[in-house]
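Chemist: Please find one structure pasted underneath; my questions will follow.
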Amino acid sequence: MKGDYCHDCARAKTEPWMLFQSSCDGCRARMVARSPAFDESRRSGKLTPAYRSLLAVALVSHDEVKAAAAEDATGKGPCLA
Ligand SMILES: [Zn+2]
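Just remember that the numbering used here sits 13 ahead of the position in the sequence shown, which is counted from 1.
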């Protein structure tokens with residue numbers, strides 16, 4: 014449902030939000046963006062095998078995950094790890 018309005022994606026951009034729609038590309042990208050595998054890839058500066066397989070399972074691209082991470086309000090607040 015790429016391009017369709019997603020309530021959960023919209024909320025996640027403005028506040029810490031923990032709901033995901035499995036049918037939504039943006040939600041799946043956000044889920045991957047919050048995973049330890051993405052964190053590890055970002056810190057190591059390369060796509061780890063665990064992260065690559067997660068991308069394959071979630072059916073999203075690395076670019077979509079980076080975009081989701083940039084827009085995700087979760088993690089930007091002071092009280093969230
Ligand atoms: Zn969504």
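C-beta: ideal position from N, C-alpha, C; glycine also.
State the DSSP-derived secondary structure class of Tyr-18, mapped to helix, strand or coil.
Modeler: coil
Chemist: Where does Glu-84 sit, in a helix, a strand or coil, going by DSSP?
Modeler: If DSSP states are grouped into helix, strand and coil, Glu-84 belongs with the helices.
Chemist: Report buried or exposed for Gly-39, applying the criterion of at least 16 other Cβ atoms within 10 angstroms of its Cβ.
Modeler: buried
Chemist: How is Cys-37 classed by DSSP in three states: helix, strand or coil?
Modeler: coil
Chemist: Which residues in the same chain have their Cβ closer than 7 Å to the Cβ of Ala-50, if we skip the five residues on either side of it in sequence?
Modeler: Thr-61, Ala-63, Tyr-64 and Leu-67
Chemist: Judging by CA-CA distance, which residue of Arg-47, Asp-17 and Tyr-18 is the nearest neighbour of Trp-30?
Modeler: Arg-47
Chemist: Beta-carbon within less than 7 Å of Cys-25's beta-carbon, same chain only, minus the 5 sequence neighbours each way: which residues are those?
Modeler: The question names Cys, but residue 25 in the sequence shown is Ala. Here the set comprises Arg-43, Asp-85, Ala-86 and Thr-87.
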